[in-house]
Structure formats: structure tokens, C-alpha cells
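Chains A and B supply the protein sequences, listed in that same order.
For the first sequence, this note's numbering assigns the number 2 to the initial residue and increments by one for each residue that follows.
For the second sequence, this note's numbering assigns the number -14 to the initial residue and increments by one for each residue that follows.
Let me begin by presenting the structure, written as C-alpha cells, before commenting on it.
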Amino acid sequence: MASIVTRVKKKQISELMDKKKRMDDRDLTDYREMKIEQGIIERAEGSARVLLGKTEVVVGIKIEMGEPFPDTPNDGVLTVNAELTPIASPKFEAGPPDEMSIELARIVDRGIRESKTINTEKLVIEPGKKVFVVFVDIYVLNHDGNLIDAAAFAAMSALLNTKMANYEIKDGEVQIKPGYEQLPIRKHPITITIAKIGDKLVVDPSLEEEEVMDARISMAIDDDENICAIQKGGSGYFEPDEIFEAAKIVKAKAKEIRKKMNW
Amino acid sequence: MNDKPEKLIDKKGLRLDGRKADELRPVKLEVGVIPNADGSAYIEHGKNKILAAVYGPREVHPKHLALQDRTVMRCRYHMAPFSVQERKSPAPSRREIEVSKVIRESLEPAVFMEYYPRTMVNVFVEVLQADGGTRCASITAAALALADSGIPMKDLVVACAAGKVEDTVVLDLMDTEDKLGAADVPVALMPNLNAVTLLQMDGTLTHEEFEKAVNMAIEGCKQIYVMQKEALKKKYMNVSEGIKEEAEE
């Protein structure tokens, strides 16, 4: 029975944490080694691959022309989608997106949207009629825990690497001109996930930690150290003080990573 | 309908509907409203009108979802096509799928899941009218429906949002404040266990504002918690009085 194995593993992980250690020798607030590569897909307008330990996520950005939403005629459109490809884990199945992939896409979406990372006003071709639509497609290639942070870093890295076509309007028709422009980016949100296991909080949970965790909390921090998105997940709970403690850890961690990334 | 009000908070610090910053909208709760369901509840929270019904524990369908050591909870949050200004397609949207997930995860910690292995508990939430804060009102009603179904629980779950409107941290945002405000922080709480089972946020808040919003939302939850217990008692007082009358006859 899987649950007995899980309980044994939880005990093992918890006992290690009492000594401030983890299964892979990290400190409680350490990230796994992260590698970011940009521009790996030439056909996409922007792309990036993130390796977070053994977790691997690719994000590709496509930009197309489309209609704005009726309530925001002067803004371009951002669409985030996530695919948990069956390549990435024995637990993933092909098929329409399940709640896990929808949640993943929506957390990454909120981090980018609420921090106003993309200057969507600059994506308008004709107010109310024609705008650029930015498609952010998250592709999970290997699942070893903390897909949220890996996907958020990959999405941000890909957006920073995104080029838009130049265009001009001739006789009311949009014509593409040679050359490219950088996608207008004004913020660099950093999303950090903390898992609660027993009464301990750990940063960047691995898959085996996720399997035994009580709950997780993900927070996106913008360039001014404000919080711009939060999502609690998992079937456990946080005490209010644990939430505030998590917010402190996230703030410090985001600062440290921002410096490293030069964002 | 789309007229944007100039100010969301007036000089006296009152909001569009005349509330103070830390004031809840009127809340009305009723338990046992769907005769066919094992448990049910209805909530009016401001202009939100929401029904929650619980079926189970019952046979797992499809069977492969069954767990050997505990029950499986499934939750479906759904908005009626007429619940919002522009008709909403009845097909479940990505938002509804995400909200269903966070509602389920906010209720699971309250239920003794391990008492009912190889079974399923279905929680159905139908939003008849939406006015901002539907996920919170849904949780408050769904927890009552679960309690009404008789499944053993550690505590009720009660939810309420806080947020930021203009420069003020306020409690229980209504639709206009949610759409035009600076941030929204829905919180669900098991008050007796001091346990937060739902926490989300969108918008922009400093760390200080965030702490203030969470604490304000928790206070709001505690106020609704009192009403929740009253609503439960009301139904079962009526039931016990009915039994007494029958005995006297």
C-alpha cells in the first residue's frame, strides 16, 4: 500500500529536518542547483529551459495578432498554458489539461499578470480591434518536484528573450516589416514555493518532499519586494504565524536570487 | 452597468455600499435546503447567492479513484450562466476548475477522511448569483453542508477575503472593489484549530499590508463562524423540537 511507504518516508524526512537536514543534503532554505538557458527554440519568438535539480521545464513564447478583451480595449493579451507531458513522469497522462496543469498555468499567469510584467499597452495595434496576443506555453519535460518555481523562472526567462515582429499600418492593413523589437518588459517577478512538512518549512521541495508534505505556499515577489500573487496548495493547513514566517523566508530568498539573476 | 465610480472610498472612509473598512456584508445562512442531498446549505453573502450540497460517503465512481486508507473528496464549483452580468457559458472554465481544487483543499483538512476508506464524498457548489468573493462564500456554505451530512469533522471551515482598495486595507470585497481594487486575499480558516486552509492573493501588497489583510480576513472569518454555528443549531433545534412534539402526541 502506497500510503505506508509514504508514512515511512515522511518519518525519515521529518527526523532529518529536526536536525535541519534534507534527503539531498540541502539546508531547509536552499534551492537545488538551477540552470537557465535562453533561446533554445529558434521557431519561437522567445524560449527558455530551466533545470531545477532534475526538474526540467521548457517555456516557448509565441506572439500572434488577435482581438483584445472587450473590457480592456487598450491592452494586449497574455495567455498562459501548461502541459504536463507524459514524457515527464509515470504519473502524467496525455489528454485534456487536468486541475494540476490548470493550477500551474494560473499560478504562473498571476505572477506575471499581477506584477504587470508585460507592458500590455504597447501591444495594441488598433485599440479595441487588433492587439498582439502573447502565448506562454509551459512544457514540463521531467517532474522532480516544484514545477511552479521552475515554470515561473522559465516563463520569465523566456519573456526576457522574446522578440516581436516590426509592423506598419498601410491602408488599414497591418504589414510586417523586417527586423525585431524586444517584448516590452518592466518587471521581473520571482516565484518561490515553500512546503510545510510536519512543523517545518522548506524551500524548493523535491518530488519526494512534495509527496509527504502537508501543504505548500507559493508567493510571487516583484522588483520592489511587494507580494503580487500567492497560492496555497495541498490538503493541509498553515497556522497564521507559519504564513508570516514563510513570507519572510520568501522575501529574503527572492532578494538573494534577484541579485544572482541580475533581474 | 460599466460606469466606474470615481472613488471607491469616500472622505469619511466609507465604501461604495456604506460599509466601514473592517465591516462585513450582511450574511444569511440556512442549513438543510436540498431534500435529496445528504447535507446541504445556502448562503447569501452580500449579493452572492450560493447553494452547496454533499452526497456521500458513497460508492467511488470511477472505481480506480478509490483509496484504501481514506475517503476521496471531489468538489465541483460551478457558476450558473445567469449568475453574472454577461452570460457565462455553462461549460466549466479554467477558473472554475482551479477554484474547485482550492475549495476541496480548504475542506479536506477539516474532515476525518480516514474514517471512510474506499468511499467518495462529493461536494457540489452552485453559484446562482455572484458578487465578488464567491469562493469564500462557497467554502462557508460547503462546510455547513458537510456538517449537515453528518460526516465527522475537526472544525467547521469558514472563509472571508480581505484586500486593498485604493490605499486602504479592507474586509470582504464586493464585486466592484474586487475588480477595481489593488489586491484581494481570500482566506479560509478552521477557527478552533487556528488553521488557515485556503490562502490566495492577487494584486500588489507590501509585506506589512499583507499581514494586516490576513489578520483582518481572519477576524472576518471568526464573525461568520458564529453565524455558521447558529445556522447549524437552528436546523437541529427544529428537528429535536419536532421529535419532542411527536413523543408528546
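In this text, a Cβ means the ideal position worked out from N, Cα and C, and glycines have one as well.
With distances taken from CA atoms, which of the options is nearest residue i?
i                : options                                    : result
PRO20 (chain B)  : B:ALA38, B:ARG10, B:ASN33 and B:HIS63      : B:ALA38
ALA83 (chain A)  : A:GLU100, A:LEU17, A:PRO91 and A:VAL204    : A:GLU100
ALA51 (chain B)  : B:VAL106, B:LEU190, B:GLY(-2) and B:VAL199 : B:VAL106
VAL172 (chain B) : B:LYS(-8), B:ASN200 and B:GLU151           : B:ASN200
ASN167 (chain A) : A:PHE245, A:SER48 and A:GLY180             : A:GLY180
VAL211 (chain B) : B:GLU231, B:GLU99, B:ASP152 and B:LEU141   : B:LEU141
ASP138 (chain A) : A:LYS130, A:PHE154, A:VAL132 and A:LYS131  : A:PHE154
PRO74 (chain A)  : A:VAL134, A:ILE108 and A:PRO98             : A:VAL134
ASP7 (chain B)   : B:LYS207, B:MET222, B:GLN213 and B:GLY188  : B:LYS207
ILE88 (chain B)  : B:ARG59, B:LYS139, B:ARG72 and B:VAL16     : B:ARG59
MET159 (chain B) : B:LYS5, B:GLU196, B:GLY118 and B:GLN53     : B:GLY118
Examine chain B for any beta-carbon lying closer than 7 angstroms to the beta-carbon of residue i, and answer yes or no.
i                : result
MET2 (chain A)   : Because MET2 (chain A) sits at a pLDDT of 44, beneath the cut-off of 50, its placement in the model cannot be relied upon, and the point is left open.
GLY112 (chain A) : no
TYR238 (chain A) : yes
THR7 (chain A)   : no
LYS197 (chain A) : no
ALA267 (chain A) : Chain A is shown only over 2 to 264; residue 267 (chain A) falls outside these bounds and no answer can be derived.
LYS92 (chain A)  : no
ARG50 (chain A)  : no
ARG187 (chain A) : no
ASN227 (chain A) : yes
LYS233 (chain A) : yes
ARG107 (chain A) : yes
ALA230 (chain A) : yes
GLU211 (chain A) : no
Would you say residue i reaches chain A, if we count a Cβ-Cβ gap shorter than 7 angstroms as a contact?
i                  : result
LYS48 (chain B)    : no
GLU162 (chain B)   : no
ARG79 (chain B)    : yes
MET(-14) (chain B) : Residue placement at MET(-14) (chain B) cannot be trusted, given a pLDDT of 46 that sits under 50; what the coordinates show is reported in the next sentence. With 7 angstroms as the cut-off, MET(-14) (chain B) does not count as an interface residue toward chain A.
LYS86 (chain B)    : yes
ILE82 (chain B)    : yes
PRO11 (chain B)    : no
LYS149 (chain B)   : no
Given a cut-off of 7 angstroms on the beta-carbon distance, is the pair residue i and residue j in contact?
i                : j                 : result
ILE28 (chain B)  : ALA126 (chain B)  : yes
VAL213 (chain A) : ILE14 (chain A)   : yes
GLN114 (chain B) : LYS(-3) (chain B) : no
ALA255 (chain A) : ILE191 (chain A)  : yes
LEU183 (chain B) : GLU111 (chain B)  : no
LEU85 (chain A)  : VAL141 (chain A)  : yes
ILE64 (chain A)  : MET165 (chain A)  : yes
LEU156 (chain B) : ALA147 (chain B)  : yes
THR194 (chain A) : ASP242 (chain A)  : no
GLU151 (chain B) : LEU(-7) (chain B) : yes
THR56 (chain B)  : THR104 (chain B)  : yes
ALA159 (chain A) : GLY47 (chain A)   : yes
Measure how close the beta-carbons of residue i and residue j come, nearest whole angstrom, since I'm counting them as under 8 angstroms.
i                : j                : result
ALA221 (chain A) : LYS197 (chain A) : Between LYS197 (chain A) and ALA221 (chain A) the Cβ distance is about 19 angstroms, and since that is not below 8 angstroms, they are no contact.
ALA230 (chain A) : ASP187 (chain B) : 5 angstroms
LYS252 (chain A) : HIS192 (chain B) : 6 angstroms
Report task. Please name the residues in the region 240 to 263 of chain A whose beta-carbon is closer than 7 angstroms to at least one beta-carbon of chain B, in chain order. Result -> Contact annotation: in the region 240 to 263 of chain A, residues whose CB is within less than 7 angstroms of a CB in chain B are GLU240, PRO241, ILE244, PHE245, ALA248 and LYS252.
Query - Residues within the region 155 to 185 of chain A neighbouring chain B, beta-carbon criterion of under 9 angstroms - result: Listed by position, the residues of the region 155 to 185 of chain A near chain B (Cβ gap below 9 angstroms) amount to none.
Query raised in the report: When Cβ atoms are compared, which residues of the region 171 to 205 of chain B fall closer than 8 angstroms to chain A?
Result: Taking 8 angstroms as the upper bound on Cβ-Cβ separation, chain A lies near residues MET175, LEU178, ASN179, ALA180, VAL181, THR182, LEU183, LEU184, GLN185, MET186, ASP187, GLY188, THR189, LEU190, THR191, HIS192, PHE195, GLU196, VAL199, ASN200 and ILE203 of the region 171 to 205 of chain B.
Requested in this report: With 9 angstroms as the C-beta to C-beta threshold (strictly closer), list the residues of the region 112 to 132 of chain A near chain B in chain order.
Outcome: Within the region 112 to 132 of chain A, ARG114, GLU115, SER116 and LYS117 place their CB atoms closer than 9 angstroms to a CB of chain B, listed in sequence order.
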